[in-house]
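Student:
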Amino acid sequence: MQVSGNLLWIYRVYVLIFFLYLVAPLCAAGVFAFNDSLFPSLPWRGFTLDWFFSPSEPKLGLFHDDRLLRGIGNSLFIGVIVATIATALGTCNAFLFVRKTFRFKPLLYVMMVVPLVIPGVILGISILVFASMIANFFDSTLGLFVTWLRPGIPLIVLGQCSFLTTITSLVIAARLQKFDISLEEAALNLGASRPRVLLTVTFPFLFPALFSAFVVAFLVSFENFNTTLMLVGSDAPLTITMYDRMVKVGSTPVLNAVSVVLMLGSGLLALASVVAQRPQSAQ
Amino acid sequence: MGRDAGRLSLILLFTPFALWIGLLIVLPQLGIGYVSLREKVGVNQYEFGFGNYADFFGEPIYRNTLLRTAWMSILVTILALIIGFPIAYYIAKLARARIRAALFLMCLIPLWVSDLVRAYGWIVLLRETGVVSTVLVGAGLITEPVEMLYNDVTVVIGLVYTVILFMIVPLVSTLQGMDDALLEAGYNLGGSRFTVFRRIVVPYAMPGIVAGCIITFMLAAGSYLTPILLGGKNSSWFTEQIYNQFITRYNWEAGATFGVLLLVFTSLVVWVGLRLTGQSLVTTVARKD
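Protein chains in written order, with our numbering: chain A, 11 to 293; chain B, 430 to 718.
Right, here's the structure in full:
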């Protein structure tokens, strides 16, 4: 749109203010991890790394805080499993919807997208209820205790996979759609077997999408709160541990330290996924 | 033989999809529907009926929480659209190519930061001993520290913050597809800036607007952390009620009823939105950006 000089400047100031609004809370969460004080607030009492490395109270650092470290461990464990399952399922779905024709395909495609618009809390409770129903059934008819159907890591994995599979499917399907099928036909004509074509022609082409689907699924799983909250057992992932700390102890700078680690970690991973996607946009 | 192989691979690809949708989405949803229709009449004794729903509508606190959540989510959606649209337009149409990529990336960075960290950042900024209050006292603008947390305005600001990126991203990708020649044609035909905006830009951006609004609304209505951490104990958000019924009071029948109601209600809003704008779920939400 033609915008005159003055107006353009006002516009730019607006954009600037907006970006300040975007980064302000992130800065606040990050900066106070380095303040040498017992509370994450002003005044600034000097720079310190105690909230990361100090081994003793009252400034117990993040890397000596067993509960937070266990939370990080659980989150990593859950994230890797969820990302692997969601990427595998997403790949199957992508091939199913891009390559195959079958009855009710449009309807089933809608079904595939629907998990994205179901609130996370509801996905959580529905899986909790359903798993308990099955567990109760086994308990009452066969006398079997199926512990993995009770709240805990297996249920968290299932709950997160339920909506992450939609995201991975969409990411991978978008790339598969751009694939020139004549490349596969050429390889087949030259005598390659089906599995070999998949491994040497199709998958290398899909790799950037598989990689970023995996990274996205891992990140979303690592940060997920709503679905996880309903399914958590004794092994709490980091977000739940941090929330617990926030509600019970109140805000301490060690939470800022956790925030810094989270931001750095997800920033680096997001960057990796952007870099992996780069060649795709150049094509 | 080729046909058989095709059939076999179809079955092999269809099975994981069916298991996923069936076991993790459809049956669990039917499961909460079933539990919500079950009334507890004694220890391990149940009757079927709409009693739980009757209880819900008979209790003003529950009803009002749902309405409050809905209104605030709609407000958040509208605000996100009004605030986000100029930003998306700037990124898509006015910024130079290199700045555009940088701005777009900057928009995405907070997207990757956990809700929890973002809400925590707001707490550090806005509480009574927080940064904003301290700075204002230091500057002599106010005499005593003020508590800026635990009110509705803060909850709305925090929610807009949490969801606005999901509004901007689809808007940017739709607006980027718009040919500038359309705008020039509009001006050449004598349209004012407002007319061009209303008759050309908005209709063109409609799929993006609808997609952004749907995602934003669902995220706001389904959010848990932001209203509770920024709104405090009295935030009365509907997801909090669900959590309380399920985990704190262990009343799964009531919790499931609330869950079904939230799902039905939000789906209804989305459906009405799609109807009014003539869009479909697949063309908006599943559009690949």
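Backbone N, C-alpha and C fix where the C-beta goes; we use that ideal spot for every residue, glycine too.
Values in this document were obtained by computation on a predicted structure and should not be read as measured data.
1) Just the chain A side, please: which residues come within less than 9 Å of Arg704 of chain B by C-beta, in chain order?
2) Out of B:Val564, B:Phe687, B:Val553, B:Leu537, state which residue places its alpha-carbon closest to the alpha-carbon of Thr583 of chain B.
3) Is DSSP giving Phe479 of chain B helix, strand or coil here?
4) CA-CA distance, Leu532 of chain B and Ile182 of chain A?
5) Please check if any C-beta of chain A sits within less than 8 Å of the C-beta of Gln458 of chain B.
6) Please report whether the beta-carbon of Pro50 of chain A lies at a distance below 8 Å from any beta-carbon of chain B.
7) Let me check one thing: in DSSP terms, what residues is Arg467 of chain B bridge-paired to?
8) Please report the Cβ distance between Lys522 of chain B and Leu578 of chain B, rounded to the nearest whole angstrom; I am assuming they are in contact, meaning their Cβ atoms lie under 8 Å.
9) Pick out whichever of A:Met121, A:Tyr21, A:Val41, A:Leu152 has its Cα sitting closest to the Cα of Leu180 of chain A.
10) Against chain A, with Cβ distances strictly below 8 Å, would Phe533 of chain B count as a contact?
11) Is Val542 of chain B near Leu36 of chain A, with beta carbons less than 8 Å apart?
12) Hey, Ala43 of chain A and Trp54 of chain A are a contact pair by Cβ (cut 8 Å); roughly how many whole angstroms apart?
13) Is the stretch 251-266 of chain A in contact with the stretch 154-164 of chain A, if contact means three or more CB pairs nearer than 8 Å?
14) Three-state secondary structure (DSSP) at Asn45 of chain A?
15) What are the start and end residues of the alpha helix (DSSP H) that includes Gly688 of chain B?
16) Short of 7 Å Cβ to Cβ, which residues in the stretch 493-510 of chain B face chain A?
17) Answer yes or no: do Val464 of chain B and Glu669 of chain B have a C-beta to C-beta separation smaller than 8 Å?
18) Go ahead and pull the three-state DSSP assignment for Phe217 of chain A.
19) Checking contacts by CB at 8 Å: is Met11 of chain A closer than that to chain B?
20) Could you spell out the range, first to last residue, of the alpha helix (DSSP H) harbouring Asn84 of chain A?
21) Relative to the C-alpha of Ile20 of chain A, which candidate in B:Val566, B:Ile516, B:Met647 has its C-alpha closest?
22) Classify Phe57 of chain A as helix, strand or coil using the three-state DSSP reduction.
23) Report yes if the CB atom of Ser652 of chain B is closer than 8 Å to the CB atom of Leu697 of chain B, and no otherwise.
24) Given that a residue counts as buried once 16 or more other Cβ atoms are within 10 Å of its Cβ, and exposed if not, what is Ser192 of chain A?
25) Taking Phe595 of chain B as the reference, which of B:Gln458, B:Tyr549, B:Leu510, B:Met607 has the closest Cα?
26) Which term fits Gly641 of chain B, buried or exposed, when burial requires 16 or more other beta carbons within 10 angstroms of its beta carbon?
27) Tell whether a beta-carbon distance below 8 Å holds between Gly660 of chain B and Ile671 of chain B.
28) If you reduce the DSSP assignment to three classes, tell me which class Asn234 of chain A lands in.
29) Can you give me the C-alpha to C-alpha distance between Arg492 of chain B and Leu691 of chain B, rounded to a whole angstrom?
30) From the beta carbon of Gly83 of chain A, is the nearest beta carbon of chain B less than 8 Å away?
31) Applying a beta-carbon distance threshold of less than 7 Å, which residues of chain B neighbour Ala223 of chain A?
32) Taking Phe140 of chain A as the query, report the chain B residues whose CB atoms sit under 9 Å from its CB, ordered along the chain.
Tutor: Let me lay it out:
1) Indexing the second sequence from 1 puts residue 704 of chain B at position 275. Those do not exist, as Arg704 of chain B stays about 15 Å from chain A at its closest Cβ, beyond 9 Å.
2) Here residue 583 of chain B refers to the residue found at position 154 when the second sequence is read from its first residue. For Thr583 of chain B, the nearest C-alpha among the options comes from B:Val553.
3) Taking the first residue of the second sequence as position 1, residue 479 of chain B is located at position 50. Note: Phe479 of chain B maps to coil in three-state DSSP.
4) The count along the second sequence starts at 1 and reaches residue 532 of chain B at position 103. The count along the first sequence starts at 1 and reaches residue 182 of chain A at position 172. Near 25 Å, if we compare the C-alpha coordinates of Ile182 of chain A and Leu532 of chain B.
5) Locating residue 458 of chain B in the second sequence gives position 29, counting from the first residue. Answer yes: the Cβ-Cβ gap between Gln458 of chain B and chain A drops below 8 Å somewhere.
6) Residue mapping note: residue 50 of chain A aligns to position 40 of the first sequence, counting from 1. Yes, Pro50 of chain A lies at the interface with chain B (some Cβ there is under 8 Å from its Cβ).
7) Within the second sequence, the letter at position 38 stands for residue 467 of chain B. BP columns for Arg467 of chain B point to B:Phe477.
8) For the purposes of this step, residue 522 of chain B is taken as the residue at position 93 of the second sequence. For the purposes of this step, residue 578 of chain B is taken as the residue at position 149 of the second sequence. Going by Cβ atoms, the distance from Lys522 of chain B to Leu578 of chain B rounds to 37 Å, so no, they are not a contact pair.
9) Residue 180 of chain A sits at position 170 when you count from the first residue of the first sequence. Per the Cα distances, A:Met121.
10) Within the second sequence, residue 533 of chain B is the residue found at index 104, counting from 1. Not a single CB atom of chain A sits nearer than 8 Å to the CB of Phe533 of chain B.
11) On the second sequence, position 113 is the one that residue 542 of chain B refers to. On the first sequence, position 26 is the one that residue 36 of chain A refers to. It is a contact, given that the beta carbons lie within the stated cut-off.
12) One-based indexing of the first sequence puts residue 43 of chain A at position 33. One-based indexing of the first sequence puts residue 54 of chain A at position 44. Separation of the CB atoms of Ala43 of chain A and Trp54 of chain A is rounded to 13 Å, and the pair is thereby denied contact status at 8 Å.
13) No, because fewer than three Cβ pairs between the stretch 251-266 of chain A and the stretch 154-164 of chain A fall closer than 8 Å, the two stretches do not touch.
14) One-based indexing of the first sequence puts residue 45 of chain A at position 35. Asn45 of chain A falls in the strand class under three-state DSSP.
15) Counting from one through the second sequence, the residue named residue 688 of chain B turns up at place 259. For Gly688 of chain B, the enclosing alpha helix (DSSP H) covers residues 681-706.
16) none
17) In the second sequence, the residue the question calls residue 464 of chain B occupies position 35. In the second sequence, the residue the question calls residue 669 of chain B occupies position 240. No, these two residues do not count as a Cβ contact at 8 Å.
18) Residue mapping note: residue 217 of chain A aligns to position 207 of the first sequence, counting from 1. Note: Phe217 of chain A maps to helix in three-state DSSP.
19) Against the first sequence, residue 11 of chain A aligns to sequence position 1. Reliability fails at Met11 of chain A, whose pLDDT of 47 lies under 50, so the model's placement of it is uncertain and no value is given.
20) Residue 84 of chain A sits at position 74 when you count from the first residue of the first sequence. Unbroken alpha helix (DSSP H) run through Asn84 of chain A: 76-109.
21) Here residue 20 of chain A is taken as the residue at index 10 of the first sequence, counted from 1. That would be B:Ile516, whose Cα lies nearest to the Cα of Ile20 of chain A.
22) As a working mapping, residue 57 of chain A is identified with position 47 in the first sequence. In this structure, Phe57 of chain A counts as strand in the three-state DSSP scheme.
23) Numbered from its first residue, the second sequence carries residue 652 of chain B at position 223. Numbered from its first residue, the second sequence carries residue 697 of chain B at position 268. No, these two residues do not count as a Cβ contact at 8 Å.
24) Residue mapping note: residue 192 of chain A aligns to position 182 of the first sequence, counting from 1. It is exposed - the Cβ of Ser192 of chain A has fewer than 16 other Cβ atoms within 10 Å.
25) As a working note, residue 595 of chain B is residue 166 in the second sequence. Distances from the alpha-carbon of Phe595 of chain B to those of B:Gln458, B:Tyr549, B:Leu510, B:Met607 put B:Leu510 closest.
26) Residue numbering aside, residue 641 of chain B sits at position 212 when the second sequence is read from its first letter. Buried: at least 16 other Cβ atoms inside 10 Å.
27) Start at 1 with the first residue of the second sequence, and residue 660 of chain B comes out as number 231. Start at 1 with the first residue of the second sequence, and residue 671 of chain B comes out as number 242. Not a contact, by the Cβ cut-off of 8 Å.
28) Start at 1 with the first residue of the first sequence, and residue 234 of chain A comes out as number 224. Asn234 of chain A: coil per DSSP, three-state reduction.
29) One-based indexing of the second sequence puts residue 492 of chain B at position 63. One-based indexing of the second sequence puts residue 691 of chain B at position 262. Approximately 11 Å between the Cα atoms of the pair.
30) Within the first sequence, numbered from 1, the residue matching residue 83 of chain A stands at position 73. Taking Cβ atoms only, chain B never reaches closer than 8 Å to Gly83 of chain A, which makes this a no.
31) Taking the first residue of the first sequence as position 1, residue 223 of chain A is located at position 213. Correct list: empty, because the minimum Cβ distance to chain B is about 13 Å.
32) Along the first sequence, one-based indexing puts residue 140 of chain A at 130. In chain order: Leu452, Leu453, Leu456, Pro457, Gln458, Leu459, Gly460, Ile461.
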